[in-house]
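Residue numbers (UniProt numbering): 1 to 595.
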């Protein structure tokens, strides 16, 4: 169509939003001069000034409760705020100005009104049509929930909490309903079956939360989003079908669905939010229709105790904190090759995982990510990871051998703590920092080589490594922390390099097979009880550079050469003469180790 005729001009103009547009349109061509007279309804809100432009109007459309009604009373209010606004604008109406009422063949009300007042008004005024009737919690209380479609076929929505705590066991939402409110059916503990309107496009937050008996529900194809906690604690829901039009599943959506056995994630879902399926303790099978999901949120599958085999989508790039924490039967954790980050406690207490390959795409692994994976006996970390965070593999009791990749820069605190069967570990030269208690309680660790780039051996790094027999402290180390070799019963000799300036408290405490210690000039301090209970220590040479004073051991070694400067504190000796006027008693055995 190259030109608009009179009729199609009218069709186009009904989308105009002001009288100015209509006046301008009529001036385009003479054939549109009578365009306004063709309208039998108002296409936008009218007032006293604009209604005269529509001489043949028969149907009045009212879109908002504050609009002019030309003397026609609409005593239907959805809530108190609406009522207050209507009262405020009453002075602008025809009735307030004592003008003559204009009668219309039909008045169509488009704004929300509640069910009871709409019904009451229709019994008095037959020319009213309400397009947006809301069934409220008060309506539900007074009118019930049975035969709701017969009550009023114009009901288009259910209010927030409309049927909360109702005793219904079965419910069917009529197709004229297009939306339901937050917590609409929450805590309907007897509800077993519900059939949703095919015209609903969104299930809001807590919609069916704690419907403990719910077992049958079908999600309409128009629904694109499931709200937060939508099916939270629906403990009897064993299966649910999600169609391909679904775009969004929000956090906690299926949390504590204790009977849910399997779920298929539609192809358009790109993210699973926090705790989506947490505590679904019977969940066995999770299927992904497409490779579109990029992220699993925190606690997404937490405590899914029966989840055994999990096929990760290749598109996944992030696993959130505690994502699979407590999945005690999970055996397969094949990390996808595009994954970039693994969150804190991600696989915490996944006791059954035996094999783990971390691909080179992974750049960060969070704190305690694989803590207490007790059956993990094969660990392969490809180059790409720069930091192993705190407690990352702590308590992995079955690990016997670990090779860390080149490019790794930092091993966090407690990273391999409690790996009691770990016998060997290969640390690359790229590592510059190894955290506190990193290998504490690795009882079977025999030998380990630190890279030359490490400058500090942190506190309790080899605490209680009972079989550790040899350790060469790198030349670049400047400080050895507290309890570093405490309880390393198999170490027989140790040489502290020239660059070391301090030995921490209890550094070699309970190294009861230690025979020889070599200290070099440059050492400034030796901590409290550094060599306590080193009962077999035969030879030790203390350099003159030592100035800091602490009680190094319970009793001195058999051969010990010290400077005059060191003598007075190393053997706990004091200059009695200086304090003789104050000494009242010298206990037995006070000098038992002195010749």
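Cβ atoms here follow ideal geometry from the backbone N, Cα and C, with glycine treated the same way.
All figures in this text were calculated on a predicted structure; none of them were measured in a lab.
Q | Three-state secondary structure (DSSP) of residue 116 | A | helix
Q: Please check the pair residue 633 and residue 446, which I expect to be a contact at CB under 8 Å, by giving their CB distance rounded to whole angstroms.
A: With the chain covering only 1 through 595, there is no way to say anything about residue 633.
Q: Kindly identify the DSSP beta-bridge partner or partners of residue 135.
A: 158
Q. Which value, in whole angstroms, describes the spacing of the CA atoms of residue 15 and residue 43?
A. 7 Å
Q) In this structure, does DSSP put residue 412 in helix, strand or coil? A) coil
Q) What is the C-beta distance between residue 509 and residue 490, in whole angstroms, given that I count them as a contact (C-beta under 8 Å)? A) Not a contact, Cβ separation roughly 15 Å.
Q | Identity of the residue in 378, 428 and 285 nearest residue 421 by Cα | A | 378
Q.
From the DSSP secondary-structure annotation, give me the bridge partner or partners of residue 172.
A. 195
**Q.** Straight-line gap, residue 238 to residue 363 (C-alpha atoms, nearest Å)
**A.** 38 Å
Q. Going by beta carbon distance, what residues of the same chain come within less than 8 Å of residue 292, once the five residues before and after it are set aside?
A. 267, 268, 269, 270, 313 and 315
Q) Of all the options 73, 367, 135 and 228, which has the alpha carbon lying nearest to the alpha carbon of residue 100? A) 73
Q) What residue does the beta strand (DSSP E) around residue 518 start on, and which one ends it? A) 516 to 518
**Q.** Those residues which DSSP pairs with residue 455 across a bridge
**A.** Per DSSP, none; premise fails for residue 455.
Q) Less than 8 Å separating the beta-carbons of residue 236 and residue 212? A) yes
Q) Which stretch, first to last residue, makes up the beta strand (DSSP E) that contains residue 401? A) 401 to 403
Q) Between the beta-carbon of residue 106 and the beta-carbon of residue 59, is there less than 8 Å? A) yes
Q: Starting from residue 20, follow the beta strand (DSSP E) in both directions and report where the run begins and ends.
A: Unbroken run through residue 20 is the alpha helix (DSSP H), 19 to 26; no beta strand (DSSP E).
Q | Residue range of the unbroken beta strand (DSSP E) whose run includes residue 261 | A | Looking at the DSSP string, residue 261 is not in any beta strand (DSSP E), and its letter there is neither H nor E.
**Q.** Which of helix, strand or coil DSSP assigns to residue 40
**A.** coil
Q: Rank 537, 400, 395 and 9 by C-alpha distance to the C-alpha of residue 380 and give the top, closest one.
A: 400
**Q.** Inter-residue CB distance, residue 361 and residue 384 (contact presumed, cutoff 8 Å)
**A.** 6 Å
Q: Check each candidate in 541, 543, 519 and 502 and name the one with the smallest Cα separation from residue 528.
A: 502
Q. What do you get for residue 35, buried or exposed, if any count of 16 or more other CB atoms within 10 angstroms of its CB means buried?
A. buried
Q: Specify the secondary structure class of residue 3 as computed by DSSP and reduced to three states.
A: coil
Q) Which first and last residues belong to the beta strand (DSSP E) in which residue 288 is found? A) 285 to 288
Q) Does the beta-carbon distance from residue 188 to residue 158 come in below 8 Å? A) no
Q: To the nearest angstrom, report how far apart residue 330 and residue 275 are at their CA atoms.
A: 18 Å
Q: Could you tell me which of 23, 494 and 62 sits nearest to residue 541, measuring between CA atoms?
A: 494
Q. Under a Cβ-count criterion, where at least 16 other Cβ atoms within 10 Å of its own Cβ denotes burial, should residue 65 be classed as buried or exposed?
A. buried
Q: With distances taken Cα to Cα, identify the nearest neighbour of residue 536 among 492, 182 and 234.
A: 492
Q) By how many angstroms is the C-alpha of residue 367 removed from the C-alpha of residue 627? A) With the chain covering only 1 through 595, there is no way to say anything about residue 627.
Q) Hey, residue 224 and residue 195: beta-carbon distance below 8 Å or not? A) no
Q: Out of 477, 513 and 506, point me to the one whose CA is closest to residue 496's CA.
A: 477
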